[in-house]
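S.K.: To start, I am sharing the structure in question, which I have written as structure tokens.
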Amino acid sequence: FEPVAATGVAAQMARQTRQAIVEADLVIFVLDGRQGMTPRDQDIANELRRSARLVRVAVNKTEGMAQAVAGAEFHALGLGTPSSISSAHGEGIVELIGDCLDAVEQAQPGLSLPEPPAAPSPHPGDPDAAAPAEPERPIRVAVVGRPNSGKSTLINALLGEERLIAFDTPGTTRDSIAVDFEFEKRRYTLVDTAGIRRRGKVHETIEKFSVVKTLQAIEDCNVCILMIDAIDGVSEQDGSIASYILDSGRALVIALNKWDAVPPDNRAWVEQEFARKLHFLSFARMHPISALKRKSLKTLMRSVTAAHSAATSNLSTPKLTRFLLAAIQHQAPPRSGPVRPKMRYAHQGGQNPPVIVIHGSALNKVSESYKRYLEGWFRDRMALQGTPLRIELRSGANPFAPKTPR
217 FEPVAATGVA
227 AQMARQTRQA
237 IVEADLVIFV
247 LDGRQGMTPR
257 DQDIANELRR
267 SARLVRVAVN
277 KTEGMAQAVA
287 GAEFHALGLG
297 TPSSISSAHG
307 EGIVELIGDC
317 LDAVEQAQPG
327 LSLPEPPAAP
337 SPHPGDPDAA
347 APAEPERPIR
357 VAVVGRPNSG
367 KSTLINALLG
377 EERLIAFDTP
387 GTTRDSIAVD
397 FEFEKRRYTL
407 VDTAGIRRRG
417 KVHETIEKFS
427 VVKTLQAIED
437 CNVCILMIDA
447 IDGVSEQDGS
457 IASYILDSGR
467 ALVIALNKWD
477 AVPPDNRAWV
487 EQEFARKLHF
497 LSFARMHPIS
507 ALKRKSLKTL
517 MRSVTAAHSA
527 ATSNLSTPKL
537 TRFLLAAIQH
547 QAPPRSGPVR
557 PKMRYAHQGG
567 QNPPVIVIHG
577 SALNKVSESY
587 KRYLEGWFRD
597 RMALQGTPLR
607 IELRSGANPF
617 APKTPR
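In terms of the working numbering, the sequence shown opens at residue 217 and continues consecutively.
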């Protein structure tokens, strides 16, 4: 926290810190016990004295030091008795947490802890016993893309406040940040991620960890929003990010950001170019948006909800089998030598992404092109827009095959 910062990322960080101070019930002011008190500590203390509700002073890095001596000079801040702690060794942390909780409870006498979870039913096998309703889990949405594509700006626009630092310098976001959000009576968790550059341009160790956190966020989410700069167009790195999302099996919505900066005469051609270069993502809806001017964001979020519903939908076995037989009647699997694969029935084998398992004989002879044909056929009939679809083929044992001796 640099209170005197006037420009750059440091000024944006100071603004976010001031907002956190105003919203917090209690602020822990952490100081360096080895370095001692500095003029910047005095500036922060003045800020806290004006804005914070409650403040507790924690003097860190005091392992091996007498507590009275370590915190003596910090009494001059006028923020109460300092607590000597060592974060690296865990010294004084429990006492500090207890002091903070007691202070908040005294400041808010009506504060009550949440009720403990209900005890399980004493008769779990009783069919008449009503099962407790589980709360609906929020949809976890990861916003991914290249650096400076507008990921933080999009989340700020959806929230309606400057919750994340959005700066025009690439690399501002270092870690994956999760923010709760509600849209049309549905709960979401928006995850802002660090921009992913080409491997040859990643030199700093901290950026390598940022990329790892972004890839973890993709694997842990329900839906990905792939942010693409509409002015720069689709780059090779955008294709690599999209391929990773596809391999992870995550539902996907594509956002063409900065659409307001594209000349109106060129927009139709630009959309055709995006569709051509991202043809392998034809299952995903593509939305031209402007995160800065908050245009077309409602349509984008509705596509996110639809993609999640498609990825977690329950597919009926009779319907899948009927659609499979109709697909075979429309175009039978090609013969492989003297053998023609035979498909008998299909059922669902998983969700997020949906997995359709097809049973039959000689299915190891089915080509990849015919599997893609089946994917498109099932997607159109089952309305699975916005999610990848996996086809698994399982062949039964051949009863006429010679048995191997034991």
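A virtual CB, placed ideally from N, CA and C, is assigned to each residue, including glycine.
#1: So, using beta-carbon positions, are Thr-409 and Asp-396 closer together than 8 angstroms?
#2: Take the Cβ of Leu-609 as the centre, count every other Cβ of all protein chains shown within 10 Å, and call the residue buried at 16 or more, exposed below.
#3: How is Ser-451 classed by DSSP in three states: helix, strand or coil?
#4: Reducing DSSP to helix, strand and coil, say where Thr-254 ends up.
#5: With DSSP as the reference, identify every bridge partner of Arg-608, one or two as the case may be.
#6: What does the alpha-carbon distance come out to for the pair Ala-507 and Gln-453?
#7: Per the DSSP calculation, Leu-472 is bridged to which residue(s)?
#8: List in chain order: all unbroken beta strand (DSSP E) runs of 3+ residues lying wholly within the region 233 to 301.
#9: Apply the 10 Å Cβ neighbour rule to Ile-313 and answer buried if 16 or more other Cβ atoms are within range, or exposed otherwise.
#10: Hey, would you say Ile-237 sits closer than 8 angstroms to Ala-274, going by beta carbons?
#11: So for Gln-324, helix, strand or coil by DSSP?
#12: Check the DSSP bridge columns for Ile-313 and list the partner residues they point to.
#13: Considering only their Cβ atoms, is the gap separating Val-469 from Leu-516 smaller than 8 angstroms?
#14: Determine whether the beta carbon atoms of Arg-272 and Leu-293 lie at a separation below 8 angstroms.
#15: In this structure, does DSSP put Lys-558 in helix, strand or coil?
#16: Inspect the beta-carbon positions of Pro-570 and Leu-600 and report whether they are closer than 8 angstroms.
#17: In the DSSP assignment, what residue or residues form a beta bridge with His-563?
#18: Leaving out five residues before and five after Ala-335 in sequence, what residues of the same chain have Cβ atoms less than 8 angstroms from its Cβ?
#19: Hey, quick one: how far does the beta strand (DSSP E) through Val-212 stretch, first residue to last?
#20: Thinking C-alpha only, which one of Gln-251, Leu-264, Ile-244 is nearest Cys-316?
#21: Give the C-beta separation of Leu-472 and Ile-505 to the nearest angstrom, bearing in mind that I take them to be a contact with Cβ-Cβ under 8 angstroms.
#22: How about Cys-440 and Ala-358: are their beta carbons less than 8 angstroms apart?
#23: For Leu-590, report the span of its alpha helix (DSSP H) as first-last.
#24: Per DSSP, what kind of secondary structure is Phe-499 in: helix, strand or coil?
#25: With three or more beta-carbon pairs closer than 8 angstroms as the criterion, would you say the region 483 to 501 touches the region 570 to 584?
#26: Please name the residue, chosen from Arg-510, Val-246, Ala-527, Glu-279, that lies closest to Gly-366 on a Cα-to-Cα basis.
#27: Since Pro-549 and Tyr-586 are thought to touch, with beta carbons under 8 angstroms apart, how far apart are those beta carbons, to the nearest angstrom?
#28: Taking the beta carbon of His-546 as the centre, do at least 16 other beta carbons fall within 10 Å, making it buried, or is it exposed?
#29: Just how far apart, CA to CA, sit Val-285 and Glu-239?
#30: Pull up the distance between the alpha-carbon of Asn-482 and that of Arg-538, whole angstroms please.
#31: For the alpha helix (DSSP H) that contains Leu-536, what are its first and last residues?
#32: Taking 7 angstroms as the cut-off, is the CB of Val-571 close to at least one heavy atom of the ligand SAH?
#33: Compare the C-alpha of Ala-323 against each of Ala-268, Ser-512, Val-220 and name the closest.
M.R.: This is what the structure holds:
#1: The count along the sequence shown starts at 1 and reaches residue 409 at position 193. The count along the sequence shown starts at 1 and reaches residue 396 at position 180. Not a contact, by the Cβ cut-off of 8 angstroms.
#2: Counting from 1 along the sequence shown, the entry for residue 609 is found at position 393. Within 10 angstroms of the beta-carbon of Leu-609 lie 16 or more other beta-carbons, which makes it buried.
#3: Locating residue 451 in the sequence shown gives position 235, where the first residue counts as 1. In this structure, Ser-451 counts as coil in the three-state DSSP scheme.
#4: Along the sequence shown, read from residue 1 onward, the residue named residue 254 stands at position 38. Three-state result, Thr-254: coil.
#5: Stepping through the sequence shown from its first residue, residue 608 is reached at position 392. Checking the sequence shown, residue 608 turns out to be Glu, not Arg. Glu-608 pairs with Val-573.
#6: On the sequence shown, residue 507 is found 291 positions in, with the first residue counted as 1. On the sequence shown, residue 453 is found 237 positions in, with the first residue counted as 1. Rounded to whole angstroms, Ala-507 and Gln-453 show a C-alpha spacing of 21 angstroms.
#7: Locating residue 472 in the sequence shown gives position 256, counting from the first residue. In the DSSP output, where bridge partners are listed per residue, Leu-472 has Ile-444, Pro-504.
#8: Correct list: 243 to 248, 271 to 276.
#9: Counting from 1 along the sequence shown, the entry for residue 313 is found at position 97. It counts as exposed.
#10: In the sequence shown, residue 237 corresponds to position 21, counting from 1. In the sequence shown, residue 274 corresponds to position 58, counting from 1. Contact: no.
#11: Your numbering for residue 324 matches position 108 in the sequence shown. Shown here, Gln-324 sits in coil according to DSSP, grouped into three states, outside any helix or strand.
#12: Numbered from 1 along the sequence shown, position 97 holds the residue referred to as residue 313. Ile-313 has no beta-bridge partner at all, per DSSP.
#13: Residue 516 sits at position 300 when you count from the first residue of the sequence shown. Residue 469 sits at position 253 when you count from the first residue of the sequence shown. Contact flag set, yes.
#14: Looking up residue 272 in the sequence shown gives position 56. Looking up residue 293 in the sequence shown gives position 77. A distance of 8 angstroms or more separates the beta carbons of Arg-272 and Leu-293.
#15: Locating residue 558 in the sequence shown gives position 342, where the first residue counts as 1. DSSP places Lys-558 in the strand class (E or B) of the three-state scheme.
#16: As a position in the sequence shown, residue 570 is number 354, starting the count at 1. As a position in the sequence shown, residue 600 is number 384, starting the count at 1. Contact flag set, yes.
#17: Counting from one through the sequence shown, the residue named residue 563 turns up at place 347. Paired residue(s): Val-573.
#18: Counted from its first residue, the sequence shown places residue 335 at position 119. With a pLDDT of 49 at Ala-335, under the threshold of 50, the modelled position of this residue cannot be trusted; read the value that follows with caution. Cβ neighbours of Ala-335 beyond the five flanking positions: none.
#19: Nothing can be reported for residue 212: it is not among the residues displayed for the chain, which extend from 217 to 622.
#20: For this step, residue 316 is matched to residue 100 along the sequence shown. Taking only the C-alpha atoms, the option nearest Cys-316 is Ile-244.
#21: Mapped onto the sequence shown, residue 472 falls at position 256. Mapped onto the sequence shown, residue 505 falls at position 289. At roughly 7 angstroms, the Cβ-Cβ gap stays under 8 angstroms, so Leu-472 and Ile-505 are in contact.
#22: As a position in the sequence shown, residue 440 is number 224, starting the count at 1. As a position in the sequence shown, residue 358 is number 142, starting the count at 1. Going by C-beta atoms, Cys-440 is nearer than 8 angstroms to Ala-358.
#23: On the sequence shown, position 374 is the one that residue 590 refers to. Start and end: 584 to 598.
#24: As a working mapping, residue 499 is identified with position 283 in the sequence shown. Residue state, collapsed to three classes: coil.
#25: Contact between the region 483 to 501 and the region 570 to 584 is absent: fewer than three C-beta pairs spanning the two stretches fall below 8 angstroms.
#26: Along the sequence shown, read from residue 1 onward, the residue named residue 366 stands at position 150. For the options Arg-510, Val-246, Ala-527, Glu-279, the alpha carbon positioned closest to that of Gly-366 is the one of Arg-510.
#27: For the purposes of this step, residue 549 is identified with residue 333 of the sequence shown, where counting begins at 1. For the purposes of this step, residue 586 is identified with residue 370 of the sequence shown, where counting begins at 1. Correct: roughly 5 angstroms between the Cβ atoms.
#28: In the sequence shown, residue 546 corresponds to position 330, counting from 1. Classification for His-546: exposed.
#29: Residue 285 sits at position 69 when you count from the first residue of the sequence shown. Residue 239 sits at position 23 when you count from the first residue of the sequence shown. Val-285 and Glu-239 have their alpha carbons spaced roughly 33 angstroms apart.
#30: Counted from its first residue, the sequence shown places residue 482 at position 266. Counted from its first residue, the sequence shown places residue 538 at position 322. For Asn-482 and Arg-538, the distance between alpha carbons rounds to 44 angstroms.
#31: One-based indexing of the sequence shown puts residue 536 at position 320. Segment 533 to 546, the alpha helix (DSSP H) holding Leu-536.
#32: Among the components modelled here there is no ligand, and therefore nothing to report on the ligand SAH.
#33: Your numbering for residue 323 matches position 107 in the sequence shown. For the residues Ala-268, Ser-512, Val-220, the minimum Cα distance to Ala-323 belongs to Ala-268.
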